[in-house]
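**Student:** In the numbering used here, the protein residues as written are 295 to 739. Cβ coordinates follow ideal geometry from the N, Cα and C atoms, glycine included. Model, not experiment: these values are computed from the prediction. Sending over a structure as structure tokens; questions will come in a sec.
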Ligand code: NDP
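Shown next, in the form of structure tokens:
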């Protein structure tokens, strides 16, 4: 669930076919070597993106912290008393990642199996992300009671982001080098082109592990996602330091995003069937997305609110809470309905829904949430994204960065999924599109 979950949506519509491939014949072995399609502009993209996206992160943080909060200011003004590098930030970041590695290894929660790999085996994954969130919350409360200066995270944000970017590069280099010791069937089908820059960027090894410790699965939802809500808490505490109490706008942003993160971790098992885990190699693209992009750009609203306090009337707050509530309801209900239907179509909660048959034997829902629009889950997600920005008022565009970026990406992702479904389901998909003409927004798109 990262920028690169989203960027990786640009992958070609060969996902299902590729996932079933086994490198047992000559032609398939050839695909595994140097003949894979290149995404993101190939080698040129692989050079530009690792330069531009880290700069974007730093630019957005500087912009959100500066009084002007202008997206036109280049180079961005470094907020006073702020610096790019601070060894404390690196120590804090490494300590945070280390803590989550320990929590990952704790024998809490159940263990689930991933999808079947090309060699016919299935990997085991601990489903204890939600436990990690709860234990982190208890530890944070303890530190708060002991008077830890959480507000300092506001000043440390830039060096923390720089450290996260540096750690992302170092981890990606380690992953790239170690991938040459991995057996060929452990490599991602798209990450072995032979071009070192591209392979470093896209990721060579599919499931790099140290013993049972799965590096990709660990990074996917834990240090970055939980780190995001901790940064939000730091911004809230900074407001308390500056103004005596947290603003209503800040409380809303913190609560909404905590709900989103808690939901993702509560449903952690669902990540095992995502493209990130099943298809993509673990390279700079995912590492940076997990460790730097998500924690330092998804919560920009809270950073913005520290430097740009907003007065929010109870009425406006109630309207924003209602919008987030409606978004969350649509998002959760529609995702759960489809997941339940795919797991067990005879389950009483979905058995009565109208469906159409497809040549693959799978059926498509044409009533319930999936009869409203073709991607009700995206609709819910976008309503929530808007609700996260509205507490920041309308004076600046910067706090709307997430909802703008997310809209573009979900529209693109929807188009890509549509192509895949048309290829998979043929005429049945066309029938579904006629029955459910709108993609994401009823009567609009
Ligand atoms: P979806 O959950 O939208 O799944 C799409 C798949 O669902 C299709 O390929 C098809 O697969 C199946 N499907 C489509 N229509 C129907 C139907 N009518 N009946 C039954 N099955 C159908 O996938 P995503 O991974 O894109 O999204 C999951 C969630 O994650 C969303 O809520 C999204 O908003 C969120 N997300 C959030 C991100 C973030 O950074 N915040 C990033 C990316 C996603 P098949 O038929 O093979 O089962």
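1) Pick out the complete beta strand (DSSP E) segments inside the region 396 to 430, 3 residues or longer, and give them in chain order.
2) Taking the beta strand (DSSP E) that residue 487 falls in, what are its first and last residues?
3) I'd like the list of long-range same chain contacts for residue 590, defined as Cβ closer than 7 Å, with 5 residues on each side in sequence excluded.
4) Would you call the CB atoms of residue 618 and residue 550 closer than 8 Å?
5) Does the distance from the CB of residue 529 to the CB of residue 596 come in under 8 Å?
6) Does the Cβ of residue 715 lie closer than 7 Å to at least one heavy atom of the ligand NDP?
7) Pick helix, strand or coil for residue 494, following the three-state DSSP scheme.
8) Indicate whether residue 700 and residue 721 have their beta-carbon atoms separated by less than 8 Å.
9) Tell me the DSSP bridge mates of residue 741?
10) Compute the beta-carbon to beta-carbon distance between residue 381 and residue 586, rounded to the nearest angstrom, for a pair I have assumed lies under 8 Å.
11) Residue 504 bridges to which residues according to DSSP?
12) Helix, strand or coil for residue 533 per DSSP?
13) Between which two residues does the alpha helix (DSSP H) harbouring residue 576 extend?
14) Around the Cβ of residue 622, are there at least 16 other Cβ atoms within 10 angstroms (buried) or fewer (exposed)?
15) In whole angstroms, what separates the C-alpha of residue 438 from that of residue 732?
16) Find the nearest neighbour of residue 546 within the set 736, 726, 679, judged by alpha-carbon distance.
17) Looking at the structure shown, is residue 733 part of a helix, part of a strand, or coil, going by DSSP?
18) Taking 8 Å as the threshold (C-beta atoms), are residue 409 and residue 567 in contact?
19) For residue 651, would you say it is in contact with chain C, using Cβ-to-Cβ distances shorter than 8 Å as the test?
20) DSSP state of residue 481, grouped into three classes?
21) Is residue 751 near the ligand NDP - that is, is its Cβ less than 7 Å away from at least one heavy atom of it?
22) Would the C-beta of residue 732 count as close to the ligand NDP, meaning under 7 Å from any of its heavy atoms?
23) The ligand NDP and residue 413: does any heavy atom of the ligand fall closer than 7 Å to the residue's C-beta?
24) Tell me, please, which residues DSSP counts as bridged to residue 499.
25) Can you tell which of 583, 573, 616, 689 has its C-alpha closest to the C-alpha of residue 465?
26) Would the beta-carbon of residue 578 fall within 8 Å of that of residue 495?
**Tutor:** In this structure, then:
1) If we require 3 residues or more, the beta strand (DSSP E) runs fully inside the region 396 to 430 come out as 404 to 407, 418 to 421.
2) Numbered from its first residue, the chain shown carries residue 487 at position 193. Counting along the chain, residue 487 sits inside no beta strand (DSSP E), nor does DSSP assign it H or E at all.
3) As a working note, residue 590 is residue 296 in the chain shown. 351, 355, 455, 458.
4) Sequence index remark: in the chain shown, residue 618 carries index 324 (1-based). Sequence index remark: in the chain shown, residue 550 carries index 256 (1-based). Taking 8 Å as the Cβ cut-off, residue 618 and residue 550 qualify as a contacting pair.
5) Residue numbering aside, residue 529 sits at position 235 when the chain shown is read from its first letter. Residue numbering aside, residue 596 sits at position 302 when the chain shown is read from its first letter. Contact: yes.
6) For this step, residue 715 is matched to residue 421 along the chain shown. Correct: residue 715 has its Cβ closer than 7 Å to the ligand NDP.
7) The count along the chain shown starts at 1 and reaches residue 494 at position 200. Reduced to three states, the DSSP call for residue 494 is helix.
8) If you number the chain shown from 1, residue 700 lands on position 406. If you number the chain shown from 1, residue 721 lands on position 427. Residue 700 places its beta carbon 8 Å or farther from that of residue 721.
9) The structure shown does not extend to residue 741, since the chain is modelled only from 295 to 739, so the question has no answer here.
10) As a first step, residue 381 must be located in the chain shown, where it is residue number 87. As a first step, residue 586 must be located in the chain shown, where it is residue number 292. With a contact defined as Cβ atoms closer than 8 Å, residue 381 and residue 586 miss out at about 18 Å.
11) Sequence index remark: in the chain shown, residue 504 carries index 210 (1-based). Beta-bridge pairing links residue 504 to 507.
12) For the purposes of this step, residue 533 is taken as the residue at position 239 of the chain shown. Three-state result, residue 533: helix.
13) For the purposes of this step, residue 576 is identified with residue 282 of the chain shown, where counting begins at 1. Per DSSP, residue 576 belongs to no alpha helix (DSSP H) and is neither H nor E.
14) As a first step, residue 622 is located in the chain shown; it is residue number 328 there, counting from the start. Burial call: buried.
15) Position 144 of the chain shown, counted from the first residue, corresponds to residue 438. Position 438 of the chain shown, counted from the first residue, corresponds to residue 732. Cα to Cα, the separation comes out at about 48 Å.
16) Numbered from its first residue, the chain shown carries residue 546 at position 252. Cα-wise, what sits closest to residue 546 is 679.
17) As a first step, residue 733 is located in the chain shown; it is residue number 439 there, counting from the start. Under the three-state reduction of DSSP, residue 733 is assigned to coil, being neither helix nor strand.
18) Numbered from its first residue, the chain shown carries residue 567 at position 273. Numbered from its first residue, the chain shown carries residue 409 at position 115. It is a contact, given that the beta carbons lie within the stated cut-off.
19) Checking the listed chains, one finds no chain C in this structure; it contains a single protein chain.
20) Within the chain shown, numbered from 1, the residue matching residue 481 stands at position 187. Strand at residue 481.
21) The structure shown does not extend to residue 751, since the chain spans only 295 to 739, so no value can be given for it.
22) Position 438 of the chain shown, counted from the first residue, corresponds to residue 732. It does not: the Cβ of residue 732 is nowhere closer than 7 Å to a heavy atom of the ligand NDP.
23) For the purposes of this step, residue 413 is taken as residue 119 along the chain shown, with counting starting at 1. Result no, Cβ not under 7 Å from the ligand NDP.
24) The residue labelled residue 499 in the question sits at position 205 within the chain shown. Answer is 481.
25) Against the chain shown, residue 465 aligns to sequence position 171. Closest in alpha carbon position to residue 465, among 583, 573, 616, 689, is 583.
26) Position 284 of the chain shown holds residue 578. Position 201 of the chain shown holds residue 495. Yes.
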